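If you count the sequence shown from 1, position 158 lands on 462 in our numbering, and the numbers rise without skipping.
Beta carbons are placed, not taken as given, at the ideal position from N, Cα and C, and that holds for glycine.
All figures in this text were calculated on a predicted structure; none of them were measured in a lab.
Okay, structure first, notes after.
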Amino acid sequence: MSFRNLTCLGLLAPVLLCAQSLADFEKRVTEFTLKNGMHFLVMERHEAPTVAFHAHVNAGAANDPANASSTAHMFEHMIGKGTASLGSKNFALEQKALAAVEEAYDKLEEEQRKERRADKAQIERLEAGLKKAIEEADKYVEQNAFTREIEKNGGVGFNASTGLDTTNYFYSLPANRTELWFALQSEWFRQPVFREFYKERDVVREERRMRVESSAQGKLIEALLTTAFTAHPYRNFIGCASDIENLRAKGAAEF
């Protein structure tokens with residue numbers, strides 16, 4: 305065999321190996337869709353008795369409503385706050401308290417919209433009323449109940465991320481706790497709870513301050529995207545400061 309042929313075989317070897325590996329990988333993947341539209345890809349690996357779950361939602365920053373950028377990002381923060389059955393000391397009373405928060409916020413915004421005609425003293429009273437309503441709702445919060453339940457059952461790696469087109473939620477559980485993932489995720493997807501929404505909104509605002517306003521690289525990336533995508537939702541990857549500061553829980557519920 306000539307040196308040239310040996311060289312060709314050497315160059316083809318990684319390609320053939322890659323093709324073989326891909327074929328082997330595809331054999332281990334099962335794909336199906338439930339009646340509710342939830343699509344699954346299951347890749348079997350039997351090295352350890354664990355399951356790594358990755359929930360991929362087809363909605364991200366590019367889907368944020370107008371003047372409400374970072375709405376998708378808020379869902380990344382909300383999942384750790386729990387569900388209707390996990391994370392509340394009394395869900396029925398908590399729901400009433402959260403409704404009172406939104407009502408207090410509506411009154412404050414109504415006065416603020418008057419701009420120059422707004423009564424400053426009234427705004428201060430309404431701000432105090434909103435703060436009190438939030439504190440009342442917080443009384444029903446059972447802190448870290450959602451993540452504690454995962455950890456109690458051997459779960460690790462709980463996290464979430466927001467991209468331009470997707471929002472992702474992921475963690476791993478022992479294989480014999482697979483049903484727990486379905487129970488937790490299905491309840492949260494069907495009925496997300498906007499518990500401590502405004503506290504997390506402040507966290508998101510601080511993230512923007514840290515990643516963009518206090519970062520030369522962040523400022524550069526934001527300027528680049530704003531220029532590259534003049535009239536496209538990709539132009540704002542982390543959200544406008546003014547939008548974030550005015551996000552509402554009721555708006556997120558409609559998202």
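Look at the alpha carbon of residue i and the alpha carbon of residue j, and state the distance between them as a whole number of angstroms.
i, j, result
"Lys331", "Arg509", "45 Å"
"Gly555", "Arg505", "13 Å"
"Asp547", "Glu446", "29 Å"
"Ala356", "Asp368", "28 Å"
"Glu511", "Ser519", "11 Å"
"Arg539", "Ala527", "9 Å"
"Asn362", "Asn463", "17 Å"
"Met560", "Asp328", "The structure shown does not extend to residue 560, since the chain is modelled only from 305 through 559, so no value can be given for it."
"Leu551", "Glu351", "45 Å"
For the alpha helix (DSSP H) that residue i lies in, which residues bound it at each end?
i, result
"Val508", "Phe501 to Arg512"
"Arg452", "Ala449 to Lys456"
What residues are listed by DSSP as bridge partners for residue i?
i, result
"Thr471", "Val361 and Thr466"
"Phe541", "According to DSSP, Phe541 bridges with nothing at all."
"Thr387", "None, per the DSSP bridge assignment."
"Ala356", "Ser476"
"Val445", "Ser392"
"Ala460", "What sits at residue 460 in the sequence shown is Val, not Ala. Ser476."
Please name the residue, chosen from the options, that lies closest to residue i on a Cα-to-Cα basis.
i, options, result
"Val333", "Leu345, Ser519, His350 and Lys339", "Leu345"
"Pro496", "Glu348, Phe395 and Ala372", "Phe395"
"Leu468", "Pro537, Glu335 and Leu434", "Pro537"
"Lys385", "Ser373, Glu407 and Gln489", "Gln489"
With burial defined as no fewer than 16 other Cβ atoms inside 10 Å of the residue's Cβ, what is the status of residue i: buried or exposed?
i, result
"Leu402", "buried"
"Ser564", "Outside the shown range of the chain, which is 305 to 559, sits residue 564, and nothing can be said about it."
"His343", "exposed"
"Leu338", "exposed"
In the DSSP assignment, find the beta strand (DSSP E) that holds residue i and state where it starts and stops.
i, result
"Glu335", "Val333 to Thr337"
"Val405", "First-last for Val405: Phe395 to Gln416, but that is the alpha helix (DSSP H), not the beta strand (DSSP E)."
"His343", "His343 to Met347"
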